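Here is the structure we will look at.
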Amino acid sequence: MSKERIQISEDLYDIMPPDYQDLVKSATYGKEDRGWKDIGTSKELIEQHSLCAGCPESMAFRYILASLPNPEDTVMVGSTGCTSLVFPMVAVHNIHSLFGNQNAIASGLKRALSVRFPGRVKDVVVLAGDGATVDIGLDMTLQAWFRQEKFTTICFDNELYANTGGQESGLMQKGFVAKMAPVGKLFDKVRLPEIARESGCHYVVNCTVSKPSLVEKVIRNAVHIAREIGPTYLQLYTPCILEIGKNSMEGLQEMRDSEKPTERFAYKEYISEPAKQLLAELAAKDKERKAAAKQLAGQASA
Amino acid sequence: MSDYRVLPGPEHFLPPAAASMGICLPNPGEAHINGVIAPEEKAYEEAARQFLMAKVPTIFPGPLVLWAWNEKAAKKATAVRHLFNTLVECVQPGQKPMLIPMPDYRPKYPKINPEVEINPNHPNLTIWHNRIDCCMFIGVHCHQANLSLKIIRGGTSCYTIAMCAQAGHEDAMLSFRDASVEKIMKLADTVKRLKGTVQPRLASANNGVSS
């Protein structure tokens, strides 16, 4: 649905719930420089959700939705997990796939959108948990990358199966004891960022969501590169505070602790050569656009 | 022809799809009332009568009219508003017409606000909350309308009318097909014409609440 079609019928405007009126009036659809700083001053694309109080995943959702460069023409593909509880409250088109086949769904969807809307930019973004991305859906995840499908895969890595009570996942760290994994993880955390790079992803980032500006940057880069060049992968640490024995207020600190240089979520980024070139071009265009806008503002005020 | 009749419920937890019970959709120029094919003219009269009899006659406009996708959608929205205004003019004291939107089909969890909207995944909540005993769906995509109509028939005693832009709905108690601005306006005219001739069932209404 493109922005110009998101209009409420005038004669029924008054009966629409306020959320929808706000979405039309003050959401950031179509705004070129939309980003996390819009949070608080415009209608967010996420309404109330049913995640736990203080859940870092809810922060991640808000930053991601604020940062998507083209939300009115974006389709998100979700999978089973805590994220499934949030997607119904999100004002971006989304599809709930079967557990694990999100990258297969996204592959077909991206291709179909390219055929159906040849002259229009349509972004596809997969957002799934670590169980769906690395365990149950690893085959589909990798095959999409091998085929160079042009969409972004985001993994919310909370290092276990959170909403089923804390079972061991492939991304759990070695030795970790969870409620439903009492023996402790016996082998290392799967190194999916490295696997993504070797599988053909053009942009790979491993980080936490403690810094909204960083999340904004990597989301925009990932979507732009996926749109023009090929698959991109973001692995974002969104700890499940309940399953690791933390309180609601401690999610942010947990992420900060985990992103220290020697820790497992120290910022890691891989950019392929074509992707580097694209980002440089985009940066140059952006600079040009901002300079022109500044000049225009100067003329207007003179 | 099937003996099954599509009647106000509560039928039971999982009512059968009316189509599976042998109910057929009307041909162009026809409608169905309780699953029996009838001339469209008769359906206008019956729909208007049901509206005028109800304690809380309600229109549920869906996304196809709430959002101004194109000029036609906006015109239908105007017609829906006209129908509602007509209802307000024509009912008697004690009757309370409502216009409640179904803005989209998201399964809103943990809850919806039944005072301001209806959701196709649990339409019964809005009907129970507002004690709606007669409703009309318009501008709701067919698969979502079918789902809602079945849930309503299963769990409430609400009379359902479908003003369908396609081939009609077996699961409604009364269904028009090929809905257009003209048909909505004609229904409004019929309501106006029957004003004062129908006795509202104020005392006897069980207000959409299942027993």
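Respectively, the protein sequence lines represent chains D and R.
Here the first sequence is numbered in my numbering, starting from -6 and rising by one per residue.
Here the second sequence is numbered in my numbering, starting from 6 and rising by one per residue.
Cβ coordinates follow ideal geometry from the N, Cα and C atoms, glycine included.
Since the model is a prediction, treat every value here as computed from it, not as a measurement.
If you count every other CB in all the chains shown that lies within 10 Å of the CB of residue i, and 16 or more means buried, which is it?
i	result
Thr76 (chain D)	buried
Glu209 (chain D)	buried
Gln171 (chain R)	exposed
Asn75 (chain R)	exposed
Ser216 (chain R)	Note that Ser216 (chain R) scores 38 on pLDDT, short of 50, meaning its location in the model is unreliable and no value can be drawn from it.
Gly142 (chain D)	Per the sequence shown, the amino acid found at residue 142 (chain D) is Glu instead of Gly. By the neighbour-count rule (16 or more Cβ atoms within 10 Å), Glu142 (chain D) is buried.
Asn156 (chain D)	buried
Leu58 (chain D)	buried
Val145 (chain R)	buried
Arg220 (chain D)	buried
Asn151 (chain R)	buried
Phe110 (chain D)	exposed
Met242 (chain D)	exposed
What in chain D is Cβ-close to residue i, meaning under 7 Å?
i	result
Thr83 (chain R)	Asp4
Glu122 (chain R)	Pro10
Ala71 (chain R)	The question names Ala, but residue 71 (chain R) is Leu in the sequence shown. Per Cβ cutoff of 7 Å: Ile1, Ser2, Leu5, Met9.
Ala22 (chain R)	Residues of chain D passing the Cβ test: none, with the nearest at roughly 24 Å.
Leu152 (chain R)	Residues of chain D passing the Cβ test: none, with the nearest at roughly 16 Å.
Leu104 (chain R)	Ile8
Less than 7 Å separating the beta-carbons of residue i and residue j?
i	j	result
Phe92 (chain D)	Ala125 (chain D)	yes
Glu175 (chain R)	Ala23 (chain R)	yes
Ala177 (chain R)	Thr165 (chain R)	yes
Pro11 (chain D)	Pro232 (chain D)	no
Pro205 (chain D)	Val197 (chain D)	no
Pro15 (chain R)	Gly160 (chain R)	yes
Lys36 (chain D)	Asp15 (chain D)	yes
Ala99 (chain D)	Phe139 (chain D)	no
Ser2 (chain D)	Leu71 (chain R)	yes
Asn87 (chain D)	Gly112 (chain D)	no
Ile222 (chain D)	Ala189 (chain D)	no
Ile157 (chain R)	Pro119 (chain R)	no
Glu35 (chain R)	Ile42 (chain R)	yes
Phe60 (chain R)	Asp109 (chain R)	Phe is not the amino acid found at residue 60 (chain R); the sequence shown has Lys there. The answer is no: Cβ separation not under 7 Å.
Phe203 (chain R)	Arg111 (chain R)	The question names Phe, but residue 203 (chain R) in the sequence shown is Val. Cβ distance not < 7 Å, so Val203 (chain R) and Arg111 (chain R) don't count as in contact.
Leu88 (chain R)	Ala193 (chain R)	yes
Val114 (chain D)	Lys103 (chain D)	no
Asp181 (chain D)	Lys172 (chain D)	no
Leu38 (chain D)	Val108 (chain D)	no
Thr34 (chain D)	Arg27 (chain D)	no
Ala97 (chain D)	Met133 (chain D)	yes
At a CB-CB cut-off below 7 Å, which residues of chain R make contact with residue i?
i	result
Asp13 (chain D)	The sequence as given places Tyr at residue 13 (chain D); Asp does not occur at that position. Chain R residues near Tyr13 (chain D): Pro108.
Pro81 (chain D)	Arg111, Pro112, Lys113, Tyr114
What's the C-alpha gap between residue i and residue j?
i	j	result
Lys178 (chain D)	Ser162 (chain D)	9 Å
Ala79 (chain R)	Ala73 (chain R)	5 Å
Ile123 (chain R)	Phe65 (chain R)	8 Å
Cys194 (chain D)	Ile105 (chain R)	48 Å
Lys287 (chain D)	Pro68 (chain R)	41 Å
Ala52 (chain R)	Val68 (chain D)	40 Å
Pro205 (chain R)	Met168 (chain R)	22 Å
Cys148 (chain D)	Ile132 (chain R)	40 Å
Leu19 (chain R)	Pro98 (chain R)	36 Å
Gln348 (chain D)	Glu274 (chain D)	Here chain D comprises residues numbered -6 to 295, so residue 348 (chain D) is not present and cannot be evaluated.
Gly158 (chain D)	Val119 (chain D)	24 Å
Lys197 (chain R)	Asn39 (chain R)	23 Å
Leu229 (chain D)	Cys147 (chain R)	39 Å
Thr201 (chain D)	Leu61 (chain D)	18 Å
Thr225 (chain D)	Asn63 (chain D)	17 Å
Pro62 (chain R)	Gln95 (chain D)	43 Å
Ala277 (chain D)	Glu262 (chain D)	21 Å
Val96 (chain R)	Lys200 (chain R)	7 Å
Phe54 (chain D)	Tyr13 (chain D)	19 Å
Lys191 (chain R)	Lys81 (chain R)	13 Å
Leu207 (chain R)	Glu65 (chain D)	47 Å
Ala84 (chain R)	Met103 (chain R)	15 Å
Val214 (chain R)	Val127 (chain D)	For Val214 (chain R), the predicted model reports a pLDDT of 49, less than 50, meaning its position is unreliable; a value from the coordinates is still stated below. Going from the Cα of Val214 (chain R) to the Cα of Val127 (chain D) covers about 48 Å.
Ala259 (chain D)	Ser203 (chain D)	12 Å
For residue i, go through chain R and note every residue whose CB falls closer than 8 Å to its CB, in chain order.
i	result
Leu78 (chain D)	Tyr114
Residues of chain D with a CB under 8 Å from the CB of residue i: which are they?
i	result
Pro68 (chain R)	Here the premise fails: no neighbours, minimum Cβ distance about 10 Å.
At a CB-CB cut-off below 9 Å, which residues of chain D make contact with residue i?
i	result
Ala78 (chain R)	Ser2
Leu88 (chain R)	The contacting residues do not exist; Leu88 (chain R) stays about 11 Å from chain D at best.
Checking contacts by CB at 7 Å: is residue i closer than that to chain A?
i	result
Trp133 (chain R)	Chain labels in this structure do not include chain A; the protein chains are D and R.
Contained beta strand (DSSP E) runs [length at least 3] in the stretch 246 to 274 of chain D, N- to C-terminal order:
261 to 264
What runs of the alpha helix (DSSP H), each 4 residues or longer, lie entirely inside the stretch 10 to 77 of chain D?
11 to 19, 49 to 60
Pick out the complete beta strand (DSSP E) segments inside the stretch 27 to 79 of chain R, 3 residues or longer, and give them in chain order.
35 to 38, 41 to 44, 62 to 66
Can you list, in chain order, the stretches of the beta strand (DSSP E) that have 3 or more residues and sit fully within the stretch 81 to 153 of chain R?
139 to 143
Runs of 3 residues minimum, wholly inside the stretch 168 to 226 of chain D: which ones carry the beta strand (DSSP E) assignment?
196 to 201
Which whole runs of the alpha helix (DSSP H) in the stretch 147 to 202 of chain R are 4 residues long or more, in chain order?
147 to 160, 186 to 199
Length at least 4, wholly inside the stretch 113 to 175 of chain D: the alpha helix (DSSP H) runs in chain order
131 to 139
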